[in-house]
Each structure stands twice: as structure tokens, then as C-alpha cells.
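Here is the structure we will look at.
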Amino acid sequence: MKTNILLVEDEEKLARFVELELVHEGYRVDKSDNGREALEKALEEDYDLVLLDIMLPGLNGLEVLRRLLKEKEVPVILLTARDAVMDKVSGLDAGAVDYITKPFAIEELLARIRAALKHYAAHPAGGEKESNAKEEEGILTWKELTLDDRRHQVRYAGHEIALTNREFLMLKTLLENRDIVLSRDTLLNRVCGYDYAGETNVVDVYIRYLRSKIDDVYDVKMIHTVRGVGYVIKAGDE
Ligand code: CA
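FYI, our numbering numbers position 208 of the sequence shown as 208, with every residue one higher than the one before it.
Shown next, in the form of C-alpha cells:
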């Protein structure tokens, strides 16, 4: 069965070009040039992947993304003309698996699509996770903080802290590697799970969010910046 892709893009020339390339690669492609219509289509039919422009008539791409992922699990790659980091962060936080900035080389888009499909097949969001020894333990701690991987829950002194998926993954990676300074690239790779070609300052944005939700609220210094290198949570930090 052919892999089914929904391409949501209102720039007609670009949409036609991408469609031709995707069909040439053996994908089946549906197109939409309107956010509202795209959302309807994506909810109606089971696509294997959605390529989603952000600036769209009808309904903004980020809004399409949020509403879509509320209803079903599907890997979404955002196509964005904007360079604003916040847009990309919002998109990733809302559950997009990746984004690509226009203009892009078609080879890069194809590589991202392959990576996203492969990654998604290996770790379906919300699907039953394979249990392995590490996940059996499931709980990471630092001082009064506990991260329960199985329940996807973080608490400090018993208070639940609401984190987005990416924040949770970032914190988990740091906690799993206590006393080891992790570079921005390492964090990015670990958090995104595959070859991610975006800017590494996305990492700084997530660190800032984590600090504002944990360090600042509980008056602790959990995440340390190691200038020029990256970030670390120290095990015996007092
Ligand atoms: Ca557009």
C-alpha cells in the first residue's frame, strides 16, 4: 500500500512542485490550499503524514495542527517561511515532529519525510511503549523532583508540574545524564529523536521554559549552564 501524504500549501507553484516530486518518489498525495479544508480532510482520512504550511487562508497552520492532533495521531512536518524561532517552538510543542524552512531543497524535504515516517513507526505517540529494563524503573529523581516516565508526570515536593512533550523529554534526558554536561546538539538530537536540522537555540528556549516552571517556582538551581558547552543537572547539588 502506498504511503498517503496530505500536502497543505497555498502557494500553488510550490504545492505542484512538491506534489510531483512526492508522486515521483512513490507517495500518494492529496493537496489542500486552505487550513479549514485541510483539517477536515486530515480528520476524515487516515494519512501517514501531513506536510503543513503555517501561513494559510481559512485557518492558520498551527491551529490546524493543534486541532488535528487533539483528535488523532499523525506525524506532521511544518513548512514555514518564517524564521521566527517561536513559531517553530510553538509548532514542535503542539506536536509537530519536524519543520522545514522555505525555501528548501526537495532532497532535504524527502529526507525529513523518510526520517519522520521511520521515527513515527518506531515510536508511535501514545502507542504502547515497548517495555525494557530502563523503562521498568521509570522514575528519575533530583532532590524533591520526581519524573515518572510511565505516567508522563513530573512533581516537585508532591506538586504536579505541567510540561509539554518537548520539555518533558528535555528534562528526562538531563536527569538520565546527571553530572554529564550535554551539548545543545546532543539535547536536540535526544529530544527530537532523529536527525534534526533546525537551529540549536530551540534548546535554549526549552531550558528557559523548564527553569521558569521549576527553578524559579521552587527557588532551586537545578539546571546549570556550562558556558560554551551546554547544560547539566548535577546529582549531588546542594
Ligand atoms: Ca502559505
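We put the beta carbon where it would ideally sit given N, CA and C, even for glycine.
From a predicted model like this one, the values you see are computed outputs, not experimental measurements.
Using three-state DSSP, classify residue i as helix, strand or coil.
{"i": "Ile180", "result": "coil"}
{"i": "Asn189", "result": "helix"}
{"i": "Asp53", "result": "strand"}
{"i": "Tyr209", "result": "helix"}
{"i": "Asp10", "result": "coil"}
{"i": "Val220", "result": "coil"}
{"i": "Val18", "result": "helix"}
{"i": "Lys239", "result": "As shown, the chain starts at 1 and ends at 238. That puts residue 239 outside it, with no answer to give."}
{"i": "Asp87", "result": "helix"}
{"i": "Lys129", "result": "Legend: pLDDT at Lys129 = 36, less than 50; position of this residue unreliable, value from coordinates given subsequently. Here Lys129 sits in coil by DSSP."}
{"i": "Glu160", "result": "strand"}
{"i": "Lys2", "result": "coil"}
{"i": "Arg150", "result": "coil"}
{"i": "Ala81", "result": "coil"}
{"i": "Arg227", "result": "coil"}
{"i": "Asp33", "result": "coil"}
{"i": "Val76", "result": "strand"}
Rounded to whole angstroms, how far is the Cβ of residue i from the Cβ of residue j, which I believe are closer than 8 Å?
{"i": "Arg178", "j": "Gly230", "result": "With 8 Å as the limit, Arg178 and Gly230 do not qualify as a contact, their Cβ atoms being about 14 Å apart."}
{"i": "Leu6", "j": "Val18", "result": "Leu6 to Val18, Cβ: 12 Å. No contact."}
{"i": "Ala162", "j": "Glu144", "result": "Contact flag wrong, Cβ pair sits at about 17 Å."}
{"i": "Gly91", "j": "Asn60", "result": "About 11 Å separates the two Cβ atoms, so there is no contact after all."}
{"i": "Leu175", "j": "Leu140", "result": "4 Å"}
{"i": "Ile106", "j": "Ile77", "result": "Between Ile77 and Ile106 the Cβ distance is about 13 Å, and since that is not below 8 Å, they are no contact."}
{"i": "Tyr27", "j": "Pro75", "result": "About 13 Å separates the two Cβ atoms, so there is no contact after all."}
{"i": "Asp10", "j": "Asp33", "result": "4 Å"}
Would you give the residue range spanned by the beta strand (DSSP E) that residue i belongs to?
{"i": "Tyr231", "result": "Gly230 to Ile233"}
{"i": "Leu65", "result": "Premise fails: Leu65 lies in the alpha helix (DSSP H), Gly61 to Glu71, not in any beta strand (DSSP E)."}
{"i": "Glu144", "result": "It is not in any beta strand (DSSP E) - Glu144 carries neither H nor E in the DSSP assignment."}
Ends of the alpha helix (DSSP H) at residue i?
{"i": "Asp48", "result": "Here Asp48 belongs to no alpha helix (DSSP H), and DSSP marks it neither H nor E."}
> Pairing CB atoms from the region 37-56 with CB atoms from the region 159-166, are three or more of them under 8 Å?
Replying inline: no
> Do the region 214-228 and the region 186-193 make contact, defined as three or more Cβ pairs closer than 8 Å?
Replying inline: no
> Using the beta carbon as the reference atom, which residues fall closer than 6 Å to any heavy atom of ligand 1, ordered along the chain?
Replying inline: Asp10, Glu11, Asp53, Met55 and Leu56
> Does the count of Cβ pairs from the region 94-108 and the region 65-79 closer than 8 Å reach three?
Replying inline: yes
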